[in-house]
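Trainee: Next up is a structure, given as structure tokens.
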Amino acid sequence: MNVFDIIGPIMVGPSSSHTAGAVKIGYLSNKLMGEKIRSARIYLHGSFLTTGKGHGTDKAIIAGLLGMKPDDIRIPESFEVAEKAGLAFAFEGIELRDAHPNSVKLNLTGASGRELEIMASSMGGGNIKIFQIDGLDANFGGDLPTLIVHNQDRPGLVTEVTAMLSQKSINIATMQLYRSRRGGDAVMVLECDQEISKASISGLQSLDGIRKVTYLSLEESA
Amino acid sequence: MSFKALEEIVNITKKTDRPFWEVVLAEELSESQQTRAEALAKMENLYQAMKEADQNYDSLLKSPSRLVGGDGEKIARAIENGTMICGDFIGRVIAKAIKMGESNACMKRIVAAPTAGSCGVIPAVLLTYAEQNEIDEMRIIEALFVAAGIGEIIAHRAFIAGATGGCQAEIGSASAMAAGALAYLRDGDADTIVHAAALALKSLLGLACDPVAGLVEVPCVKRNVIGAVNALTSVDMALAGIRSQIPPDQVIDAMRLIGNAMPAALKETGEGGLAITPTGLAIAKGLKE
Ligand code: SF4
């Protein structure tokens with residue numbers, strides 16, 4: 001914990017976990033989508049489901065999906081903003097197995113038709129964790145630029161990805177590997193100290209054996 | 001931060017003759033990529049946000065559950081009418097604490113300190129004190145670093161979330177942080193600062209987190225008042241030379257033990273205490289329908 005985890009963040013109330021964390025989940029999902037979101041099906045689990053309404057969790061998630069941050073004073077009116085922005089959404093309850101009480105599953109469709117499924121939890125104090133993307137495990141908090149590569153589990157692919165990063169002088173802060181089964185679907189999650197350029201991302205996309213590249217940029221304009 | 005005890009900070013202030021807040025700031029800078037100017041500007045920004053949140057209070061707002069709203073105005077009127085037993089200064093501290101808690105419940109912008117539920121405690125103490133006394137803004141920013149340093153140690157040794165430690169971890173921690181900050185503004189040395197914090201925390205040990213319907217409304221808003229007023233009394237005690245007989249770090253450890261011993265029903269689940277009184281349950285039921 002640092003000084004500004006203790007005092008701060010500046011946020012719209014009432015709850016750092018149920019409101020600010022929920023905005024952050026939406027915001028990071030928006031960033032991960034990398035394009036305007038056209039529709040969202042949102043499944044609330046646990047305490048997000050039971051006390052979410054009173055905490056404005058629903059408004060908070062929609063605000064985040066629209067690109068608002070936890071201190072945006074438009075959060076209470078996010079449903080109206082969504083309507084104007086052409087974002088269709090629906091909420092449902094769900095029981096996610098072994099998930100943190102403040103969890104949510106988001107099924108998103110972007111303007112180009114790109115689909116993205118995200119599962120995330122709000123861990124308290126406005127911190128969050130994305131624990132699944134498109135059905136495969138992940139574990140990151142969205143505080144660093146993060147590269148998520150879905151690929152076929154084959155030898156050499158991890159090296160190719162990390163070689164590309166080191167060539168661009170990008171330092172890897174953490175790296176996680178998950179796979180559904182040997183030789184099956186696999187995912188790499190790399191948290192980096194620097195931003196990765198759009199060109200490098202598309203370079204990765206064209207590598208043999210790579211299914212999907214998702215990138216979380218923390219740059220404002222992205 | 002790498003400090004694990006308030007005592008470590010106190011010892012460094014003694015050895016190096018630097019004030020408490022400087023030691024906290026230096027540690028922050030050593031662990032992050034920000035410059036001193038950036039860190040100070042960030043804290044100043046948080047202070048401005050607290051002031052704005054206080055000024056933007058709207059007594060007409062109601063929380064989504066409609067349980068909360070308008071009480072800050074009632075205290076403000078009582079102060080105007082001169083009917084407050086607590087007098088003007090404490091009266092205004094009470095008013096600010098309630099107003100901030102209400103603003104939070106009504107989805108207005110606040111500063112979590114350390115949490116959203118306890119966001120009224122530190123501003124109630126510091127903003128009221130700053131209004132009453134001619135103090136340089138920089139001093140308040142320094143005091144906020146004092147508060148943050150105390151909060152960091154509490155977070156490290158125990159917890160600052162109701163869901164993990166009960167309300168003692170939120171309102172209790174906020175009260176200890178506010179006490180330390182105010183002790184600093186009153187020219188207390190490092191020892192006085194940590195004892196003011198310890199005295200404040202001690203008095204709120206064991207406080208359960210039992211919000212009605214699981215919402216940050218009842219009893220949260222009004223608990224900000226006791227957090228703030230308890231900070232004032234603790235500072236007066238510490239400045240008068242009273243010391244916590246249990247060393248400050250051990251008080252924090254006691255909070256951890258109590259928090260760990262608390263059943264889940266008293267940790268923000270809305271399944272114990274005030275939340276399961278007949279009225280609390282009826283409110284929760286009404287909200288579901
Ligand atoms: S009762 Fe619980 S939710 Fe309310 S302020 Fe205390 S710790 Fe926070």
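Quick note, the sequences are listed as chains A and P, same order. FYI, the numbering for the first sequence is 1 to 222, going by UniProt numbering. FYI, the numbering for the second sequence is 1 to 289, going by UniProt numbering. We put the CB at the ideal spot given by N, CA and C, even for glycine.
Could you confirm whether any beta carbon from chain A is found closer than 8 Å to the beta carbon of residue 172 of chain P?
Mentor: No, its Cβ sits nowhere closer than 8 Å to a Cβ of chain A.
Trainee: Would you call the segment 118 to 130 of chain A and the segment 14 to 32 of chain A in contact, with 3 or more CB pairs under 8 Å?
Mentor: yes
Trainee: Using a cut-off of 7 Å between C-beta atoms, extract the partners of residue 262 of chain P located in chain A.
Mentor: Chain A residues near residue 262 of chain P: none, gap ~16 Å exceeds 7 Å.
Trainee: So that I know if they touch, is there some Cβ in chain A lying closer than 8 Å to that of residue 31 of chain P?
Mentor: yes
Trainee: Kindly examine the ligand SF4 and report whether one of its heavy atoms sits closer than 7 Å to the Cβ of residue 111 of chain P.
Mentor: no
Trainee: In the structure shown, what three-state DSSP assignment does residue 284 of chain P receive?
Mentor: helix
Trainee: Rank A/208, A/217 and A/93 by C-alpha distance to the C-alpha of residue 57 of chain A and give the top, closest one.
Mentor: A/93
Trainee: CA-CA distance, residue 99 of chain A and residue 28 of chain P?
Mentor: 33 Å
Trainee: Shorter than 8 Å from the beta carbon of residue 13 of chain A to some beta carbon of chain P?
Mentor: yes
Trainee: Who are the Cβ neighbours of residue 228 of chain P in its own chain at under 6 Å, not counting the five residues just before and after it?
Mentor: Result list for residue 228 of chain P: 93, 97, 121, 124 and 125, in chain order.
Trainee: Using a Cβ-Cβ cut-off of less than 9 Å, give me the residues of the segment 122 to 144 of chain A that come near chain P, in sequence order.
Mentor: Per Cβ criterion, the list reads 124, 125 and 126.
Trainee: Decide yes or no for the touch test of the segment 142 to 150 of chain A against the segment 203 to 215 of chain A: beta carbon pairs closer than 8 Å, at least 3 of them.
Mentor: Output reads yes: the segment 203 to 215 of chain A touches the segment 142 to 150 of chain A.
Trainee: Using 10 angstroms around the beta-carbon of residue 299 of chain P, count the other beta-carbons present and answer buried if the total reaches 16, otherwise exposed.
Mentor: There is no way to answer for residue 299 of chain P, as the model of chain P reaches only from 1 to 289.
Trainee: Taking 8 Å as the threshold (beta carbon to beta carbon), is residue 86 of chain A in contact with chain P?
Mentor: Judged by the 8 Å Cβ criterion, residue 86 of chain A is not in contact with chain P.
Trainee: Between which two residues does the beta strand (DSSP E) harbouring residue 189 of chain A extend?
Mentor: 185 to 192
Trainee: Against chain A, does residue 258 of chain P count as a neighbour if the rule is that its beta carbon must be under 8 Å from one of theirs?
Mentor: no
Trainee: Check this for me: beta carbons of residue 216 of chain P and residue 117 of chain P, under 8 Å apart or not?
Mentor: yes
Trainee: Could you tell me whether the Cβ atoms of residue 176 of chain P and residue 197 of chain P are closer together than 8 Å?
Mentor: yes
Trainee: Which of helix, strand or coil does DSSP assign to residue 45 of chain P?
Mentor: helix
Trainee: Leaving out the 5 sequence neighbours to the left and right, which residues in its chain are closer than 6 Å to residue 12 of chain A when beta-carbon positions are compared?
Mentor: 75
Trainee: At a cut of 8 Å, does the segment 144 to 153 of chain P reach the segment 14 to 24 of chain P through at least three beta carbon pairs?
Mentor: yes
Trainee: Taking 7 Å as the cut-off, is the C-beta of residue 209 of chain P nearer than that to any heavy atom in the ligand SF4?
Mentor: yes
Trainee: Which same chain residues end up closer than 8 Å to residue 72 of chain A when comparing Cβ atoms and leaving out the 5 residues on each side of it in sequence?
Mentor: 12, 23 and 63
Trainee: Under a CB-based cut-off of 8 Å, is residue 100 of chain A close to chain P?
Mentor: no
Trainee: How would you write the range of the alpha helix (DSSP H) that residue 226 of chain P sits in, first residue to last?
Mentor: 220 to 239
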